[in-house]
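Residue numbers for the sequence shown follow this note's numbering, beginning at 2 and rising by one. Ideal placement from N, C-alpha and C gives every residue a C-beta, glycine not left out. A quick note: this is a predicted structure, and the numbers were derived from the prediction, not measured. One structure is given below, encoded as structure tokens.
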Amino acid sequence: MHDVQQLRDTRRIPINKVGVKDISYPIIVMDKSRSVQHTIARVNMYVDLPHHFKGTHMSRFIEILNIYREKIALDKMEIILQKMKDKLGASSAHLEIQFPYFIEKKAPVSGAASLMEYTCEFNASLADEFDFVLGVKVPVTSLCPCSKELSRYGAHNQRSIMTVQVRYREFLWIEDLIETIESCGSSPVYSLLKREDEKFVTEAAYENPRFVEDMVREATMRLAAMDSITWFSVEAENYESIHKHSAYAAVEQDKRGHALTSP
């Protein structure tokens with residue numbers, strides 16, 4: 002049967018990334034308290050394509066994914082990427098995995114337990130060298146210092162999302178990274194709160210007001226102090242409760258400790 006993908010393309014334009022996107026697939030993630038956690042991920046798989054080939058073989062991405070069915074874990078990332086390069090004749094391969102991760106969290110006063118969901122990402126690539134970035138999105142509460150200063154009866158507060166990406170030289174638990182980032186807001190967010198917990202959380206936030214700038218600076222200090230981390234980026238977005246817009250701040254820092262200008 003004639004292989005159209007192998008036809009020569011005369012436009013001489015190489016493609017950086019081509020492949021399949023938004024595949025729903027089961028994966029296994031290491032869990033600090035339960036050894037492993039099974040979850041369902043959204044997977045993107047790409048390779049480069051030389052200028053002289055008309056197309057890549059899309060079916061081969063799914064074949065590779067099926068080979069590692071239920072074995073898609075952190076320690077398999079480089080192996081899967083090498084398989085992609087070999088099977089598709091590519092010089093670079095990229096694997097992006099986004100998944101919900103659940104941690105049991107206890108309310109601060111009552112101790113009522115519930116599961117808290119966090120969005121996590123594995124972004125891996127392999128060309129001459131293997132590169133891996135761990136990402137997490139952590140919801141927190143932020144309370145406005147300016148509003149607290151101006152108002153006699155309270156201060157506006159809102160839910161915020163802190164997005165962190167890290168490269169590291171030693172193994173890093175997702176739970177430890179989340180706990181580090183949760184401490185940078187005015188208060189953590191919980192799935193379940195009883196009345197005594199709600200009182201505690203709202204009063205704690207009031208006593209710990211944070212601008213969006215404060216949040217990324219606090220995160221930067223904590224991440225910079227972690228020896229295992231070689232590079233990180235941190236973003237904070239406040240979904241302002243009294244404004245139409247969101248407030249946003251970002252910091253990126255390389256392993257030499259130099260702050261990089263946000264795009």
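Who are N158's beta bridge partners in DSSP?
Listed as beta-bridge partners of N158 by DSSP are L144.
Local Cβ density within 10 Å of K33, reported as buried at 16 or more and exposed below that:
Per the 10 Å Cβ criterion, exposed.
So the candidates are A248, N45, R43 and C147; which of them puts its Cα closest to the Cα of R160?
Its Cα nearest to that of R160, the residue A248 stands out among A248, N45, R43 and C147.
Please determine if the region 154 to 168 and the region 138 to 145 are in contact, where contact requires at least 3 C-beta pairs separated by less than 8 angstroms.
In short, these stretches touch, since the Cβ pair count reaches three.
Buried or exposed: which applies to P264, given that a residue is buried once 16 or more other Cβ atoms fall within 10 Å of its Cβ?
Because P264 sits at a pLDDT of 36, beneath the cut-off of 50, its placement in the model cannot be relied upon, and the point is left open.
Which same chain residues end up closer than 6 angstroms to T262 when comparing Cβ atoms and leaving out the 5 residues on each side of it in sequence?
Its pLDDT being 46, under 50, T262 is placed unreliably by the model, and nothing is read from it.
Straight-line Cα distance separating L151 from L66:
Near 56 angstroms, if we compare the C-alpha coordinates of L151 and L66.
Identified DSSP bridge partners for F100
Answer is C121, bridged to F100.
Taking 7 angstroms as the limit between beta carbons, can you name the residues of its chain near K77, skipping five residues before and five after?
Around K77: Y69.
In terms of residue numbering, what span does the beta strand (DSSP E) encompassing F201 cover?
Going by DSSP, F201 is part of no beta strand (DSSP E) but of the alpha helix (DSSP H) stretching over R196 to Y207.
Using only alpha-carbon positions, find the residue among M222, V134, I179 and K22 that is nearest to I63.
Comparing C-alpha distances from I63 to each of M222, V134, I179 and K22 shows the shortest one belongs to K22.
What is the DSSP secondary structure of V110, counted as helix, strand or coil?
V110: coil per DSSP, three-state reduction.
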